[in-house]
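Heads up: the sequence lines are chains A and B, in that order.
Number 315 in numbering that gives the first Met the number 0 belongs to position 316 of the first sequence; there are no gaps in the numbering.
Number 75 in numbering that gives the first Met the number 0 belongs to position 76 of the second sequence; there are no gaps in the numbering.
Number of protein chains: 2
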Amino acid sequence: MAVYTEVSDEELEEFVAGYDLGAVVSCKGIAEGVENSNFLLQTETGTFILTLYEKRVDPDDLPFFIGLMEHLAQRGLACPTPIHGRDGRALRELCGRPAAIVTFLQGMWPRRVAVEHCAQLGEVMARMHLAGADYPLVRPNNLSVAGWRPLLAASAHGADDVKPGLGEYLEAELEEIEEGWPADLPSGVIHADLFPDNVFFLGKQISGIIDFYFACTDAFAYDIGICLNAWCFEPDGSFNITKARSMLSAYRRVRPITDEELRALPLLARGAAMRFLLTRLYDWLHTPPGAYVKRKDPLEYLHKLRFHQGLSGPGAYGLD
Amino acid sequence: MAVYTEVSDEELEEFVAGYDLGAVVSCKGIAEGVENSNFLLQTETGTFILTLYEKRVDPDDLPFFIGLMEHLAQRGLACPTPIHGRDGRALRELCGRPAAIVTFLQGMWPRRVAVEHCAQLGEVMARMHLAGADYPLVRPNNLSVAGWRPLLAASAHGADDVKPGLGEYLEAELEEIEEGWPADLPSGVIHADLFPDNVFFLGKQISGIIDFYFACTDAFAYDIGICLNAWCFEPDGSFNITKARSMLSAYRRVRPITDEELRALPLLARGAAMRFLLTRLYDWLHTPPGAYVKRKDPLEYLHKLRFHQGLSGPGAYGLD
Numbered sequence: 000m001a002v003y004t005e006v007s008d009e010e011l012e013e014f015v016a017g018y019d020l021g022a023v024v025s026c027k028g029i030a031e032g033v034e035n036s037n038f039l040l041q042t043e044t045g046t047f048i049l050t051l052y053e054k055r056v057d058p059d060d061l062p063f064f065i066g067l068m069e070h071l072a073q074r075g076l077a078c079p080t081p082i083h084g085r086d087g088r089a090l091r092e093l094c095g096r097p098a099a100i101v102t103f104l105q106g107m108w109p110r111r112v113a114v115e116h117c118a119q120l121g122e123v124m125a126r127m128h129l130a131g132a133d134y135p136l137v138r139p140n141n142l143s144v145a146g147w148r149p150l151l152a153a154s155a156h157g158a159d160d161v162k163p164g165l166g167e168y169l170e171a172e173l174e175e176i177e178e179g180w181p182a183d184l185p186s187g188v189i190h191a192d193l194f195p196d197n198v199f200f201l202g203k204q205i206s207g208i209i210d211f212y213f214a215c216t217d218a219f220a221y222d223i224g225i226c227l228n229a230w231c232f233e234p235d236g237s238f239n240i241t242k243a244r245s246m247l248s249a250y251r252r253v254r255p256i257t258d259e260e261l262r263a264l265p266l267l268a269r270g271a272a273m274r275f276l277l278t279r280l281y282d283w284l285h286t287p288p289g290a291y292v293k294r295k296d297p298l299e300y301l302h303k304l305r306f307h308q309g310l311s312g313p314g315a316y317g318l319d
Numbered sequence: 000m001a002v003y004t005e006v007s008d009e010e011l012e013e014f015v016a017g018y019d020l021g022a023v024v025s026c027k028g029i030a031e032g033v034e035n036s037n038f039l040l041q042t043e044t045g046t047f048i049l050t051l052y053e054k055r056v057d058p059d060d061l062p063f064f065i066g067l068m069e070h071l072a073q074r075g076l077a078c079p080t081p082i083h084g085r086d087g088r089a090l091r092e093l094c095g096r097p098a099a100i101v102t103f104l105q106g107m108w109p110r111r112v113a114v115e116h117c118a119q120l121g122e123v124m125a126r127m128h129l130a131g132a133d134y135p136l137v138r139p140n141n142l143s144v145a146g147w148r149p150l151l152a153a154s155a156h157g158a159d160d161v162k163p164g165l166g167e168y169l170e171a172e173l174e175e176i177e178e179g180w181p182a183d184l185p186s187g188v189i190h191a192d193l194f195p196d197n198v199f200f201l202g203k204q205i206s207g208i209i210d211f212y213f214a215c216t217d218a219f220a221y222d223i224g225i226c227l228n229a230w231c232f233e234p235d236g237s238f239n240i241t242k243a244r245s246m247l248s249a250y251r252r253v254r255p256i257t258d259e260e261l262r263a264l265p266l267l268a269r270g271a272a273m274r275f276l277l278t279r280l281y282d283w284l285h286t287p288p289g290a291y292v293k294r295k296d297p298l299e300y301l302h303k304l305r306f307h308q309g310l311s312g313p314g315a316y317g318l319d
């Protein structure tokens, strides 16, 4: 649940006057997303999303994110397209914050993930990886393996309150992941946060991918690992191999997965589980009780981490 | 900040299929309002507001509210018009809650109230009072004078923690208000919650009035008293007599204010201040600290209550 910044009607009108969008007709704060303030903006010419970037987003990263959406949209990927102001800039300022207007995408994210959703996701994720290949900017993934030890250290004091023995378990697990972490896998731009609520569907077709604010340059297969965690576990915790197979098969039809990537997949998925476990644990321990933010359960990802840890190979993901 | 109920895409599609609105194209929770869950719904045929009525609204009152919006809209007042399902019903059910779809109104509510806003408000409020004259349903105002003593009793234990001496002051003040409360003033349907965030403007023109979920049958002048409090005080606490005069003059041009109403106005405004002070005080003392609701400061209304208490007559509102 979001909207942190209240934008006055006067400030908004002045801001929108800097674009060729006509006058503001309506603007409503959206109760989704937790990182930024998002508004559904209607002007005389159409519907848009207005985003004010709050303090969890580093302003230095914004040109990478905005430029990436523009790059991918130009290559036909359904994602928000940044709108340029009369001054040519897509990244501007409102209420003392960096702000951007992007196109509005139709569709809804799936509350209950079906096999067909996973197949669509695999295909579009692969197309996104290919479309980003010639994106000139680079952004290191500061939430990959090198970032996890400091994150764990920042939460070590409270880990055992969340679950007895959790601190020690994560310490040992992290050591194994660090040792085995693969180098030199095929890399490029990855989304790095491709959860169901960032993927819109109209019927069973993907109508858009949103929220590129964790996008970075990293191994493509790590993006796949994130999606195995986010899309292929059932609410009861069981792993749905049919969903995984559909996602991976559809992905492969667009961009072949190398043998090296396949072999690395269990460890990458394990690392992806570690990443979300650690950020959720950090937020769990550092969010003041009165804050207007719903905290996500870190232990959901402990369960996923253990699943991948117990695998002997990528066959468990339904691949031949 | 709202949206309490998460609606799945499947439930939503099935619900909307009960209307002649075409398929769902998008649905976003709106981060405004605290009583209900509101969504901005786009279908193939247009933009609408979907509301799920949460537990603070009595289901038995919903036919009054829904019927009133329909009645007023038919008489040309800019307010949401309930959409009827194929079965003829405007009040239906979604996710186990009463739910309705109403038309979407363009416009934005004024964050900084100007004199012109107050003049527009006076005119449209008077038109609303006239348009409601032949509305056949009746709903007693359970938040008028008879409801204040039980509200005060429910907060008496904590009033002095909010401000020392507050409990005793309110007790004495309530006694005076009860004694002087006028009977037999011109009555009909009033909005009873006509704060700036319930009034949309396009430029300086009102484009719509929303949120009729406190509407009831009561003295018209009590609605005026509520608006004097909600629109005519500056952020620094000073009373802006120019705003009050503009509002009342514009109101009178549409519906004359009787001498009896005029004389009663200071006490009605005082009562209106008491009403919002008491509900805010109640919420202040009874909202758990972790709740996703922003509590409003009750003492803002103590200041307004004292202002009206000190008046010798309605001249302070700028009337001749």
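Just so you know, even glycine gets a beta-carbon here, dropped at the ideal spot from N, CA and C.
### Task
Decide yes or no for the touch test of the stretch 188 to 202 of chain A against the stretch 119 to 128 of chain A: beta carbon pairs closer than 8 Å, at least 3 of them.
Counting Cβ pairs under 8 Å, three or more are found: they touch.
#### Entry: Where B/I240 meets chain A, residues with beta-carbon distance less than 9 Å
In the second sequence, the residue the question calls residue 240 of chain B occupies position 241. Neighbours of B/I240 on chain A: none; closest Cβ ~24 Å, over 9 Å.
#### Entry: Contacts around B/G66, its chain only, beta-carbon distance under 8 Å, and the 5 residues preceding and following it disregarded
As a working note, residue 66 of chain B is residue 67 in the second sequence. Within its own chain, the residues whose Cβ lies closer than 8 Å to the Cβ of B/G66, once the five positions on either side in sequence are excluded, are Y134 and L136, listed in chain order.
### Query
Fully enclosed by the stretch 48 to 79 of chain A, which beta strand (DSSP E) runs are 3 residues long or longer?
Those beta strand (DSSP E) runs which fall completely within the stretch 48 to 79 of chain A and span 3+ residues do not exist here.
### Query
So what does DSSP say about A/N140, is it helix, strand or coil?
Position 141 of the first sequence, counting from 1, holds the residue named residue 140 of chain A. Secondary structure at A/N140: coil, using DSSP grouped into helix, strand and coil.
### Task
For B/I29, decide whether its Cβ has a neighbour in chain A, counting only Cβ atoms nearer than 7 Å.
Locating residue 29 of chain B in the second sequence gives position 30, where the first residue counts as 1. Interface residue, yes.
### Query
Shortest alpha-carbon distance to A/E172 belongs to which of A/F199, A/G270, A/G202 and A/R251?
By 1-based counting over the first sequence, the position of residue 172 of chain A is 173. A/E172 has its Cα closest to that of A/G270, out of A/F199, A/G270, A/G202 and A/R251.
### Message
I need the DSSP call for B/E233, collapsed to helix, strand or coil.
### Response
The residue labelled residue 233 of chain B in the question sits at position 234 within the second sequence. Residue state, collapsed to three classes: coil.
### Query
Buried or exposed: A/G164, going by 16 or more other Cβ atoms within 10 Å of its Cβ?
Against the first sequence, residue 164 of chain A aligns to sequence position 165. Sixteen is the threshold: since fewer than 16 other Cβ atoms of the shown chains lie within 10 Å of the Cβ of A/G164, the residue is exposed.
### Other residues of its chain near B/T216: CB distance less than 8 Å, five sequence neighbours each side excluded
Here residue 216 of chain B refers to the residue found at position 217 when the second sequence is read from its first residue. Taken in chain order, the residues that qualify are V137, R138, P139, N140, S186, G187, V188 and I189.
### Query
Grouping DSSP H, G and I as helix and E and B as strand, with all else coil, what is B/M0?
By one-based count along the second sequence, residue 0 of chain B stands at place 1. At B/M0 the pLDDT is 41, less than 50, meaning the model places this residue with poor confidence; the figure from the coordinates comes in the next sentence. B/M0 falls in the coil class under three-state DSSP.
### Task
Could you work out which residues of chain B lie near A/E259, taking near to mean beta carbons separated by less than 7 Å?
Taking the first residue of the first sequence as position 1, residue 259 of chain A is located at position 260. Under the 7 Å cutoff, chain B gives no residues; its nearest Cβ is about 37 Å from A/E259.
### Message
What does the Cβ neighbour count give for A/A229, buried or exposed, with the cut at 16 atoms within 10 Å?
### Response
The sequence position of residue 229 of chain A within the first sequence is 230, counting from 1. It is buried - the Cβ of A/A229 has at least 16 other Cβ atoms within 10 Å.
### Query
Do the CB positions of B/G207 and B/F213 come within less than 7 Å of each other?
Counted from its first residue, the second sequence places residue 207 of chain B at position 208. Counted from its first residue, the second sequence places residue 213 of chain B at position 214. Not a contact, by the Cβ cut-off of 7 Å.
### Query
From A/Q41 to B/E174, what does the alpha carbon distance come to, in whole angstroms?
Numbered from 1 along the first sequence, position 42 holds the residue referred to as residue 41 of chain A. Numbered from 1 along the second sequence, position 175 holds the residue referred to as residue 174 of chain B. Cα to Cα, the separation comes out at about 49 Å.
### Query
Whose CA, out of A/H70, A/G146 and A/V56, lies closest to the CA of A/S36?
Indexing the first sequence from 1 puts residue 36 of chain A at position 37. Looking at the Cα atoms, A/V56 is the closest of the given residues.
### Query
Is A/V15 helix, strand or coil when you go by DSSP?
Here residue 15 of chain A refers to the residue found at position 16 when the first sequence is read from its first residue. Looking at A/V15 - three-state DSSP - the assignment turns out to be helix.
### Message
Measuring alpha carbon to alpha carbon, tell me which residue in B/G84, B/P58, B/H83 and B/P81 is nearest B/P97.
### Response
Along the second sequence, one-based indexing puts residue 97 of chain B at 98. By alpha-carbon distance to B/P97, the top candidate from B/G84, B/P58, B/H83 and B/P81 is B/P58.
### Query
Thinking C-beta only, is B/A243 closer than 7 Å to B/L227?
Counting from 1 along the second sequence, the entry for residue 227 of chain B is found at position 228. Counting from 1 along the second sequence, the entry for residue 243 of chain B is found at position 244. Cβ distance < 7 Å, so B/L227 and B/A243 count as in contact.
### Query
The beta strand (DSSP E) spanning A/K27 covers which residue range?
Counting from 1 along the first sequence, the entry for residue 27 of chain A is found at position 28. A/K27 -> beta strand (DSSP E) spans V23 to G28.
### Query
Within the 7 Å Cβ cut-off, does B/M107 reach chain A?
One-based indexing of the second sequence puts residue 107 of chain B at position 108. Yes, its Cβ sits closer than 7 Å to a Cβ of chain A.
### Task
Could you tell me whether the Cβ of B/Y316 comes closer than 7 Å to any Cβ of chain A?
Residue numbering aside, residue 316 of chain B sits at position 317 when the second sequence is read from its first letter. No, its Cβ sits nowhere closer than 7 Å to a Cβ of chain A.
#### Entry: Chain-order list of residues whose beta-carbon lies under 8 Å from that of B/L304 (same chain, five-residue window excluded)
Residue 304 of chain B sits at position 305 when you count from the first residue of the second sequence. Taking C-beta separations shorter than 8 Å and ignoring five residues to either side along the sequence, the partners of B/L304 in its chain run E172, R269, A272, M273 and L276, following chain order.
### C-beta neighbour in chain B for A/R96, strict 7 Å
Numbered from its first residue, the first sequence carries residue 96 of chain A at position 97. Taking Cβ atoms only, chain B never reaches closer than 7 Å to A/R96, which makes this a no.
### Query
Excluding five sequence neighbours on each side, which residues of the same chain lie with their C-beta closer than 7 Å to the C-beta of A/I176?
As a first step, residue 176 of chain A must be located in the first sequence, where it is residue number 177. Same-chain partners within the cutoff: V144, L266, R269, G270 and M273.
### Query
Which partner residues does A/Q41 have in the DSSP bridge list?
In the first sequence, the residue the question calls residue 41 of chain A occupies position 42. A/S25 and A/T46, per the DSSP bridge assignment.
#### Entry: A/R26 at chain B interface by Cβ criterion, 7 Å
In the first sequence, residue 26 of chain A corresponds to position 27, counting from 1. The sequence given here has Cys at residue 26 of chain A, not Arg. Yes - at least one Cβ of chain B is within 7 Å of the one on A/C26.
### Query
Would you call the CB atoms of A/V112 and A/P195 closer than 7 Å?
For this step, residue 112 of chain A is matched to residue 113 along the first sequence. For this step, residue 195 of chain A is matched to residue 196 along the first sequence. In terms of Cβ geometry, A/V112 and A/P195 form a close pair [threshold 7 Å].
### Task
Output the distance between the C-alpha atoms of A/P234 and B/H302, rounded to the nearest integer angstrom.
On the first sequence, residue 234 of chain A is found 235 positions in, with the first residue counted as 1. On the second sequence, residue 302 of chain B is found 303 positions in, with the first residue counted as 1. Cα to Cα, A/P234 sits roughly 52 Å from B/H302.
### Secondary structure of B/C94, DSSP reduced to three states
What you label residue 94 of chain B is simply residue 95 of the second sequence in a count that begins at 1. Secondary structure of B/C94 (DSSP, three-state): coil.
### Task
Could you tell me which of B/I209, B/L280 and B/G236 sits nearest to B/L76, measuring between CA atoms?
One-based indexing of the second sequence puts residue 76 of chain B at position 77. Of the candidates B/I209, B/L280 and B/G236, the one whose C-alpha sits nearest the C-alpha of B/L76 is B/I209.
### Query
Are there 16 or more other CB atoms within 10 angstroms of the CB of B/R279, so buried, or fewer, so exposed?
By one-based count along the second sequence, residue 279 of chain B stands at place 280. By the 10 Å Cβ count, B/R279 comes out buried.
### Query
Along the stretch 2 to 26 of chain A, what residues have a CB closer than 9 Å to any CB found in chain B?
Under the 9 Å Cβ criterion, the stretch 2 to 26 of chain A contributes V2, E5, V6, S7, D8, E9, E10, L11, E12, A22, V23, V24, S25 and C26.
### Message
Considering only their Cβ atoms, is the gap separating B/F211 from B/M68 smaller than 7 Å?
### Response
Start at 1 with the first residue of the second sequence, and residue 68 of chain B comes out as number 69. Start at 1 with the first residue of the second sequence, and residue 211 of chain B comes out as number 212. Contact: yes.
### 8 Å CB neighbourhood of B/L20 in its chain, flanking five on each side removed
By one-based count along the second sequence, residue 20 of chain B stands at place 21. Here the set comprises T42, E43, T44, G45, F47, I82 and I100.
### Query
Is the CB-CB distance between A/K27 and B/I29 below 7 Å?
For the purposes of this step, residue 27 of chain A is taken as the residue at position 28 of the first sequence. For the purposes of this step, residue 29 of chain B is taken as the residue at position 30 of the second sequence. Judged by their CB atoms, A/K27 and B/I29 are nearer to each other than the 7 Å cut-off.
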